[in-house]
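To start, the structure under review is shown below, and the notes come after it.
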Amino acid sequence: MGRIQFLLRCMFRHGLRTNLTMLSLVTAFMLFIMLRSVAVVFETGFDAGPQTRMQTASKYSMVDMLPLAHMNVIRSIEGVTDVTHASWFGGFFEEGETNVATFAVDPETYFDVYSDFEIDPNALEEFKSIRTAALAPQGMIERYGWEIGQKISVVSTIYPAPSEEGWVFDLVGSFESTNESDGFDPFLFHHDVLRETFAAGAVGWYTFLIDDPERADVVAQVVDRRFKNSSDETRTMTESDSWKSFLAQYGDISLMMTGILGAVFFTMILLTANTMVQGYRERVPELAVMKTLGFSNLSVSMYILVEALLLCGISAALGVGLGTLVSMGAQDFMPPMIPIYFDPITIIWGLILGLALGLFVGLVPAVNANRLEIVEALHAH
Amino acid sequence: MAFVSLRRVSKSYTKGREPVPVLSEVDLDIEQNDFVALMGPSGSGKTTMLNLIGGLDHPTGGEVVVGGDSLNDLSGRALARWRARNIGFIFQFYNLLPVLNAQRNVQLPLLLTKLNGKQRKQNAMTALDIVGLSDRTNWKISELSGGQQQRVAIARAIVADPSILVCDEPTGDLDRDTAEEILGLLETLNQNHGKTIIMVTHDPKAAEHAKRTVFLDKGSLSEQGQETA
Numbered sequence: 008m009g010r011i012q013f014l015l016r017c018m019f020r021h022g023l024r025t026n027l028t029m030l031s032l033v034t035a036f037m038l039f040i041m042l043r044s045v046a047v048v049f050e051t052g053f054d055a056g057p058q059t060r061m062q063t064a065s066k067y068s069m070v071d072m073l074p075l076a077h078m079n080v081i082r083s084i085e086g087v088t089d090v091t092h093a094s095w096f097g098g099f100f101e102e103g104e105t106n107v108a109t110f111a112v113d114p115e116t117y118f119d120v121y122s123d124f125e126i127d128p129n130a131l132e133e134f135k136s137i138r139t140a141a142l143a144p145q146g147m148i149e150r151y152g153w154e155i156g157q158k159i160s161v162v163s164t165i166y167p168a169p170s171e172e173g174w175v176f177d178l179v180g181s182f183e184s185t186n187e188s189d190g191f192d193p194f195l196f197h198h199d200v201l202r203e204t205f206a207a208g209a210v211g212w213y214t215f216l217i218d219d220p221e222r223a224d225v226v227a228q229v230v231d232r233r234f235k236n237s238s239d240e241t242r243t244m245t246e247s248d249s250w251k252s253f254l255a256q257y258g259d260i261s262l263m264m265t266g267i268l269g270a271v272f273f274t275m276i277l278l279t280a281n282t283m284v285q286g287y288r289e290r291v292p293e294l295a296v297m298k299t300l301g302f303s304n305l306s307v308s309m310y311i312l313v314e315a316l317l318l319c320g321i322s323a324a325l326g327v328g329l330g331t332l333v334s335m336g337a338q339d340f341m342p343p344m345i346p347i348y349f350d351p352i353t354i355i356w357g358l359i360l361g362l363a364l365g366l367f368v369g370l371v372p373a374v375n376a377n378r379l380e381i382v383e384a385l386h387a388h
Numbered sequence: 040m041a042f043v044s045l046r047r048v049s050k051s052y053t054k055g056r057e058p059v060p061v062l063s064e065v066d067l068d069i070e071q072n073d074f075v076a077l078m079g080p081s082g083s084g085k086t087t088m089l090n091l092i093g094g095l096d097h098p099t100g101g102e103v104v105v106g107g108d109s110l111n112d113l114s115g116r117a118l119a120r121w122r123a124r125n126i127g128f129i130f131q132f133y134n135l136l137p138v139l140n141a142q143r144n145v146q147l148p149l150l151l152t153k154l155n156g157k158q159r160k161q162n163a164m165t166a167l168d169i170v171g172l173s174d175r176t177n178w179k180i181s182e183l184s185g186g187q188q189q190r191v192a193i194a195r196a197i198v199a200d201p202s203i204l205v206c207d208e209p210t211g212d213l214d215r216d217t218a219e220e221i222l223g224l225l226e227t228l229n230q231n232h233g234k235t236i237i238m239v240t241h242d243p244k245a246a247e248h249a250k251r252t253v254f255l256d257k258g259s260l261s262e263q264g265q266e267t268a
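Chains as they are written, first to last, in this note's numbering: chain A, 8 to 388; chain B, 40 to 268.
Printed below as a string of structure tokens:
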């Protein structure tokens, strides 16, 4: 028997109690990772691409569409290099059961602005040339088990379908974002399809590239000034800021999640501290015996502290690991446009929080163990 | 100087604001390889004296010297190290750790040594063999009888090969026959293994196994047959 083995035996002296405490902690840390993975998007916005990519939408509501004529005006502004447009379609797959980000886009310009999307040139040519063509991210194709060439039926919450089959598109290829932290996952089809039926001469928003990220604010002001006092005033910002603004519509999710996590961890502190103090009280005679045998005050208190650190540290590691796995699985069930973003810092914070919790709940019993007088403890026993 | 030497040792505890004297200026010499029974009525200070000799407590006055080391001079940490090297403790209620089996309880003091795992296990097996429990090494403490638990406690006390065994009523919780077995074992350790044994007991029959009996009453000592000072 070594010191570690001795420590583990002491830690699991009441197996059921220790396991239940660990289960509570694992659940708390799972919750921490899952909620933080969502909250971080609401706090910082995910990295939606380079700071040279900007977005112009209606000043008053993103539901309001903008005239297609704005495109040339934006393109003419100094510093703007490429412009494209997109429109929110409100698409559902699988007979209206799965809500997925579905954009009607300009096939000629979209991938010039989104040059960080990797796409096979042949697929892009097909996309440009076939009016009913559609492109989907590789992940989406794998998720739904589609095959290139397949017809995909989509229904919309905004645009009534032209036939009973819904809006039917020909899947001509896939694309992948090279930006790993990008939760952007849209199904793309020709804007012309909408133009011919409903949204003649109108688009949801414009996305454009500028040549100098330092001038983003200036360009945004110039664009908005050009449309000031018109019937279609605009609001322009970087794409990242635009997503942040979009996500803010859901309310102060970050505050709510922080509140939930605060309550969970406060309860966990009480629960774990209670377990540690109870465990310490039960072991007072044993600790006195250890000191009698020659264990120093410091080594006895370190046993108590390391035990608390192990209990919370192992639980935190398990909780963080499971939380990451569960969150990855939960990505499919999240609403479109609200990605789960695994920030490595969140995982590191989870582990640090675990050790801090262990330190906090183990400190008082450890100090008491240090001060424990052998004679008094044995006499009380 | 004797192996264990108490010179004008006093000890008092504080109860509320009042100091309560337990030992007052006691002198005691114990030679190496002696087996001393320490008797006296309850509250006479027997356990307090044992604690002072075992380095579990400091005297209020006087000096305690064991094996040439003045315990008064040792810090808490140094005293803990000294106890680990020189003293084996045997308690009335065994004080074994229920989370460990017999062999691991015996190994516990060896965690303070530089022995490796294999050596620790080997030494623990030897100690259990000496106390006659080599067939119970992996038994849980709760599965052992009182006598067997005390044997495990004795094995734990001798496993680091200390020179002195300090026993606080080692047979106080045992029936007569089992008590006799334990006392016989202590005699063997004294005679065959050269351990100096200091044993607190209320039981005159237990004291008969010792070479010497010392009486303690109202904080003062007297040898067997002598009047209380």
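Quick reminder that beta carbons are idealized off the backbone N, C-alpha and C, glycines included.
Report back the beta-carbon spacing between P220/A and I311/A to the nearest angstrom; my notes put them in contact at under 8 Å. The Cβ separation is near 54 Å, so there is no contact.
Assuming K85/B contacts L255/B (C-beta within less than 8 Å), just tell me the rounded distance between them. Confirmed, Cβ separation roughly 5 Å.
For T25/A, the three-state DSSP class (helix, strand or coil): When secondary structure is reduced to three states using DSSP, T25/A falls in the helix class.
Pull out every residue of the segment 109 to 133 of chain B whose Cβ sits closer than 7 Å to any Cβ of chain A, in chain order. Along the segment 109 to 133 of chain B, the positions whose C-beta sits under 7 Å from a C-beta of chain A are G115, R116, A119, R120, R122, A123, F128, read in chain order.
Those runs of the beta strand (DSSP E) which lie wholly inside the segment 89 to 126 of chain B and span at least 3 residues: 100 to 105, all fully within the segment 89 to 126 of chain B.
Counterpart residues of D207/B in DSSP-defined beta bridges: Partner(s): V239/B.
Can you give me the C-alpha to C-alpha distance between S94/A and L277/A, rounded to a whole angstrom? When rounded, the distance between both Cα atoms is 51 Å.
Inspect the beta-carbon positions of V170/B and V138/B and report whether they are closer than 9 Å. Taking 9 Å as the cut-off, the Cβ atoms of V170/B and V138/B do not count as close.
Below-9 Å beta-carbon distance, L305/A vs any chain B residue: Taking 9 Å as the CB threshold, L305/A lines the interface with chain B.
Check whether chain A comes within 9 Å of G156/B, counting only Cβ atoms and requiring the distance to be less than that. Judged by the 9 Å Cβ criterion, G156/B is in contact with chain A.
Using alpha carbons as the reference points, say which of S83/B, A76/B, G79/B, G223/B lies closest to S49/B. Cα-wise, what sits closest to S49/B is S83/B.
Would you check if the distance between the CB atom of A123/B and the CB atom of A194/B is smaller than 9 Å? Not a contact, by the Cβ cut-off of 9 Å.
Where are the beta strand (DSSP E) runs, 3 residues long or more, that stay fully inside the segment 114 to 185 of chain B, in chain order? Counting whole runs of 3 or more residues, the segment 114 to 185 of chain B contains the beta strand (DSSP E) stretches 126 to 129.
M69/A versus W212/A: straight-line alpha-carbon distance, rounded: Approximately 8 Å between the Cα atoms of the pair.
Simplified DSSP assignment, three categories, for K135/A: Of the three classes helix, strand and coil, the one that applies to K135/A here is helix, per DSSP.
Given a cut-off of 9 Å, decide if L149/B and A199/B are closer than it, judged by their beta-carbon atoms. Judged by their CB atoms, A199/B and L149/B are nearer to each other than the 9 Å cut-off.
Do Y133/B and Q71/B have their CB atoms nearer than 9 Å? No. Outside cutoff.
For F182/A, which of helix, strand or coil comes out of DSSP? In the structure shown, F182/A sits in a strand (DSSP, three-state: E or B).
Take the Cβ of V75/B as the centre, count every other Cβ of all protein chains shown within 10 Å, and call the residue buried at 16 or more, exposed below. Under the 10 Å beta carbon count, V75/B is surrounded by 16 or more other beta carbons and is classified as buried.
Would you say C319/A lies against chain B (beta-carbon separation less than 9 Å)? Taking a beta-carbon distance threshold of 9 Å, C319/A does not count as an interface residue toward chain B.
N177/B versus chain A: which residues are under 7 Å apart at the beta carbon? The premise fails here: N177/B is roughly 12 Å from chain A at the closest Cβ pair, so nothing lies under 7 Å.
Rounded C-alpha distance that separates F302/A from M238/B: Roughly 23 Å separates the two Cα atoms.
Identify each residue in the segment 370 to 383 of chain A for which the Cβ-Cβ distance to at least one residue of chain B is less than 7 Å, and report them in chain order. So the close ones are I381, V382.
Is R10/A buried or exposed, if buried means 16 or more other CB atoms sit within 10 Å of its CB? With fewer than 16 other Cβ atoms within 10 Å, it is exposed.
For chain B, check one thing: does any of its Cβ atoms lie closer than 9 Å to the Cβ of M434/A? Nothing can be reported for residue 434/A, as the shown portion of chain A is limited to 8 through 388.
Taking the CB atoms as reference points, tell me whether A143/A and F96/A lie closer together than 9 Å. If you check the CB distance, A143/A and F96/A do not come in under 9 Å.
Residue range of the unbroken alpha helix (DSSP H) whose run includes K54/B: That residue, K54/B, is in no alpha helix (DSSP H); its beta strand (DSSP E) goes 43 to 54.
Alpha carbon of D71/A to alpha carbon of S238/A, nearest angstrom: Answer to the nearest angstrom: the Cα atoms are 11 Å apart.
Which residues of the segment 8 to 22 of chain A have a Cβ closer than 7 Å to any Cβ of chain B? Give them in chain order. Using a CB distance below 7 Å, the part of the segment 8 to 22 of chain A facing chain B consists of M8, G9, R10, F13, R16, C17, R20, ordered along the chain.
Are the segment 199 to 209 of chain B and the segment 85 to 94 of chain B touching by the rule of at least three beta carbon pairs closer than 8 Å? Verdict: yes, contact present.
CB-CB under 6 Å to R159/B, same chain, minus the five flanking residues each way: which ones, in chain order? So the qualifying residues of the chain are Q146, L149.
Under the three-state reduction of DSSP, which class applies to V70/A: helix, strand or coil? Note: V70/A maps to coil in three-state DSSP.
Just the C-alpha distance for V104/B and I203/B, rounded to the nearest angstrom, thanks. Straight-line measurement puts the Cα of I203/B at about 13 Å from the Cα of V104/B.
Name the two residues that bound the continuous beta strand (DSSP E) containing W212/A. 212 to 217 is the span of the beta strand (DSSP E), which, as asked, contains W212/A.
Return the first residue and the last residue of the beta strand (DSSP E) that E57/B is part of. Here the beta strand (DSSP E) through E57/B covers 57 to 69.
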